[in-house]
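Novice:
Number of protein chains: 2
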Amino acid sequence: MDIRTLCLGILTMREATGYEIKKVFEDDLSHFYEASFGSIYPALNRMTEDGWIACKAEAQDGRPDKKIYSITAAGRMAFMDALEKKPRKDRLRSEFLAMMMFSDLMVPSRIAGLIDERLAGLDANLKELDTCLDEAATPNVVRFLRGFGRAVYQAERDYLEENRHLVEAQALMARAAAD
Amino acid sequence: MDIRTLCLGILTMREATGYEIKKVFEDDLSHFYEASFGSIYPALNRMTEDGWIACKAEAQDGRPDKKIYSITAAGRMAFMDALEKKPRKDRLRSEFLAMMMFSDLMVPSRIAGLIDERLAGLDANLKELDTCLDEAATPNVVRFLRGFGRAVYQAERDYLEENRHLVEAQALMARAAAD
DNA sequence: AACACATATATCAATTCAATATATATCGCT
DNA sequence: AGCGATATATATTGAATTGATATATGTGTT
Numbered sequence: 000m001d002i003r004t005l006c007l008g009i010l011t012m013r014e015a016t017g018y019e020i021k022k023v024f025e026d027d028l029s030h031f032y033e034a035s036f037g038s039i040y041p042a043l044n045r046m047t048e049d050g051w052i053a054c055k056a057e058a059q060d061g062r063p064d065k066k067i068y069s070i071t072a073a074g075r076m077a078f079m080d081a082l083e084k085k086p087r088k089d090r091l092r093s094e095f096l097a098m099m100m101f102s103d104l105m106v107p108s109r110i111a112g113l114i115d116e117r118l119a120g121l122d123a124n125l126k127e128l129d130t131c132l133d134e135a136a137t138p139n140v141v142r143f144l145r146g147f148g149r150a151v152y153q154a155e156r157d158y159l160e161e162n163r164h165l166v167e168a169q170a171l172m173a174r175a176a177a178d
Numbered sequence: 000m001d002i003r004t005l006c007l008g009i010l011t012m013r014e015a016t017g018y019e020i021k022k023v024f025e026d027d028l029s030h031f032y033e034a035s036f037g038s039i040y041p042a043l044n045r046m047t048e049d050g051w052i053a054c055k056a057e058a059q060d061g062r063p064d065k066k067i068y069s070i071t072a073a074g075r076m077a078f079m080d081a082l083e084k085k086p087r088k089d090r091l092r093s094e095f096l097a098m099m100m101f102s103d104l105m106v107p108s109r110i111a112g113l114i115d116e117r118l119a120g121l122d123a124n125l126k127e128l129d130t131c132l133d134e135a136a137t138p139n140v141v142r143f144l145r146g147f148g149r150a151v152y153q154a155e156r157d158y159l160e161e162n163r164h165l166v167e168a169q170a171l172m173a174r175a176a177a178d
């Protein structure tokens, strides 16, 4: 399920411009999948060539044409095929955790600062997801996905509060040993 | 904190070959950071050019020379600088969750199968991490990182068991409406 | 009037992955 | 003794993707 296929999937739900597809990534998928214009526009061009989607240009005064893409029968079949394939393992890249690996090279205040910022970020994510979950109109699937994110963020938060001492104490001991 | 910098960080702990650095990624970082040889070897070449690391080749009969890299004073300073920078937000790509977005296009057995496989994968991760955490020799920092992974995997597991009905029931309703 | 933000397209250098290639040693199995 | 799988060790390449940048204009805020 690469970005190309995911764009195709979004077009099974409604027709959209590249710009609107980007917004779906930001609004509905942001916590577990990201995509830039540099991936989306080439994906739409290629799928148009392949006959999976069709494009109708809508002239606009001043701005570039609005290109509205819609899925074709062939595209719909291609997406159904993609749904049969086994999803790859999640790929996570956490610079925060990578930096924690080197906590013994940092002064205690730096470690504490990093963890405090992390907690603040998690709180912001949780708050955003809670606001969305309160909206009555949210479909069940989106509710499921946001709830998933919420559960993960909450677990991270709880773990950090309870175990930050493991990295913070380690740093103190390393400093003491160096003196 | 790109792969290049992370390789440098690993070399603050001990000298190593590219192959051994890859193993550190697999053994200690696998749950939150990945790197392929296609990133590691060019990273080592470039840092050698930049004077951040030094390379001594050790001849071996038959095999290619073993190239043992060690960090220089300049490299150590560069890494300390990197530790001052703000870590980027985590980046997650979950094809599983992306597919769940389209649960109304899948038959219920397919959805259930995907969730069951996901649970099995989480169980495997949890088991692996528990085994490692039992080892007495594990340093505190590695313990902290593995515990973090454990907490997240466990939260995912709990959430999925309790909320899978949200996507599974949704699919049933969509099918019923279509009939 | 100035400035940020939203709409809408597109491209590009740099990063990174996943697969492949090349050699040999070693370990377990039959 | 032989076979295949796994481990050691290097390296490259096509393809995917990011993050930044460029181009225009409307709309809302201070």
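The listed protein sequences correspond, in order, to chains A and B.
FYI, numbering that gives the first Met the number 0 numbers position 133 of the first sequence as 132, with every residue one higher than the one before it.
FYI, numbering that gives the first Met the number 0 numbers position 55 of the second sequence as 54, with every residue one higher than the one before it.
Glycine included, each C-beta is placed from N, C-alpha and C at the ideal position.
(1) Where does Ser185 of chain B sit, in a helix, a strand or coil, going by DSSP?
(2) Hey, would you say Thr16 of chain A sits closer than 8 Å to Gly50 of chain A, going by beta carbons?
(3) Look up Lys55 of chain B in the DSSP assignment and give the residues it is bridged to.
(4) Between the stretch 87–102 of chain B and chain A, which residues of the former have CB atoms less than 9 Å from a CB of the latter, in chain order?
(5) Excluding the five sequence neighbours on either side, which residues of its own chain have a C-beta within less than 7 Å of the C-beta of Leu121 of chain B, listed in chain order?
(6) On the CB-based measure, 16 or more other CB atoms within 10 Å of its CB, does Ala81 of chain B come out buried or exposed?
(7) Could you give the DSSP three-state label for Ala42 of chain A: helix, strand or coil?
(8) Can you check which of these residues, A:Gly74, A:Ala97, A:Leu91 and A:Ala58, is closest to Glu14 of chain A by C-alpha distance?
(9) Provide the residue span of the beta strand (DSSP E) that contains Leu91 of chain B, from first to last.
(10) Could you compute how far the alpha carbon of Met12 of chain A sits from the alpha carbon of Tyr68 of chain A?
(11) Let me check one thing: in DSSP terms, what residues is Ala15 of chain A bridge-paired to?
(12) Classify Ala119 of chain B as helix, strand or coil using the three-state DSSP reduction.
(13) Are there 16 or more other CB atoms within 10 angstroms of the CB of Ser35 of chain B, so buried, or fewer, so exposed?
(14) Under the three-state reduction of DSSP, which class applies to Thr137 of chain B: helix, strand or coil?
(15) Against chain A, which members of the stretch 133–144 of chain B pass a CB distance test of less than 7 Å?
(16) For Pro86 of chain B, does the three-state DSSP call read helix, strand or coil?
(17) Strictly below 7 Å CB to CB, what residues from chain B border Gly37 of chain A?
(18) Could you tell me which of A:Leu159, A:Val166, A:Leu91 and A:Ala123 sits nearest to Val141 of chain B, measuring between CA atoms?
(19) Cα separation between Ala53 of chain A and Cys6 of chain A?
(20) Could you name the residues of the same chain whose beta carbon sits closer than 7 Å to that of Gly8 of chain B, not counting the 5 residues immediately before and after it, in chain order?
(21) Should Gly8 of chain B be flagged as near chain A, meaning a C-beta pair shorter than 8 Å?
(22) Should Arg45 of chain B and Arg87 of chain B be called a contact, given that it needs their Cβ atoms to be closer than 8 Å?
(23) Would you be able to state if there are at least three C-beta pairs under 8 Å between the stretch 89–108 of chain A and the stretch 87–98 of chain B?
(24) Measuring only between beta-carbons, confirm whether Lys24 of chain A sits less than 8 Å from chain B.
(25) Label His164 of chain A either buried or exposed according to how many other C-beta atoms from any shown protein chain fall within 10 Å of its C-beta, with 16 as the threshold for buried.
(26) Closer than 7 Å by C-beta to Thr137 of chain A: which residues in its own chain qualify, once you throw out the five before and the five after it? Chain order, please.
(27) Whole angstroms is fine: what's the gap from Leu128 of chain A's alpha carbon to Ala56 of chain B's?
(28) Report the rounded CA-to-CA distance for Asn124 of chain A versus Arg145 of chain A, giving the unit in angstroms.
(29) Going by C-alpha to C-alpha distance, which of A:Met105, A:Gly148, A:Asp103 and A:Leu96 sits closest to Arg159 of chain A?
(30) In chain A, which residues lie with their C-beta within 9 Å of the C-beta of Glu155 of chain B?
(31) Determine the closest residue to Ser38 of chain A out of A:Lys65, A:Phe24 and A:His30, with distance taken between C-alpha atoms.
(32) Suppose the cutoff is 6 Å on Cβ atoms and the five residues either side in sequence are ignored; what does the same chain contact list for Gly148 of chain A look like?
(33) On the three-state DSSP scale, how would you describe Ala154 of chain B?
Specialist: According to the structure data:
(1) Nothing can be reported for residue 185 of chain B: it is not among the residues displayed for chain B, which extend from 0 to 178.
(2) The Cβ atoms of Thr16 of chain A and Gly50 of chain A do not sit closer than 8 Å to each other.
(3) B:Ile67
(4) Hits within the stretch, in order: Arg87, Lys88, Asp89, Arg90, Leu91, Arg92, Ser93, Glu94, Phe95, Leu96, Ala97, Met98, Met99, Met100, Phe101 and Ser102.
(5) Tyr152, Glu155 and Arg156
(6) Buried, by the Cβ-count rule.
(7) helix
(8) A:Gly74
(9) Arg90 to Arg92
(10) 12 Å
(11) A:Tyr68
(12) Helix at Ala119 of chain B.
(13) exposed
(14) Coil at Thr137 of chain B, not helix or strand.
(15) Asn139, Val140, Arg142, Phe143 and Leu144
(16) In the structure shown, Pro86 of chain B sits in coil (DSSP, three-state: anything other than H, G, I, E or B).
(17) Under the 7 Å cutoff, chain B gives no residues; its nearest Cβ is about 15 Å from Gly37 of chain A.
(18) Nearest C-alpha to Val141 of chain B: A:Val166.
(19) 13 Å
(20) Phe78
(21) For Gly8 of chain B, a Cβ of chain A is located within less than 8 Å of the residue's own Cβ.
(22) No, they are not a contact pair.
(23) In the pairwise beta carbon analysis, the stretch 87–98 of chain B is classified as touching the stretch 89–108 of chain A: at least three pairs are separated by under 8 Å.
(24) According to the sequence as given, residue 24 of chain A is Phe; it is not Lys. Chain B, which has no Cβ nearer than 8 Å to the Cβ of Phe24 of chain A, makes this no.
(25) Counting the other CB atoms within 10 Å of its CB gives His164 of chain A a total below 16, which places it among the exposed residues.
(26) Cys131
(27) 53 Å
(28) Each residue's CA atom was taken as its position, placing Asn124 of chain A and Arg145 of chain A some 10 Å apart.
(29) Note that residue 159 of chain A is Leu in the sequence shown here, rather than Arg. Residue A:Leu96 holds the alpha-carbon nearest to the alpha-carbon of Leu159 of chain A among A:Met105, A:Gly148, A:Asp103 and A:Leu96.
(30) Phe147, Ala150, Val151 and Ala154
(31) A:Phe24
(32) His30 and Leu128
(33) helix
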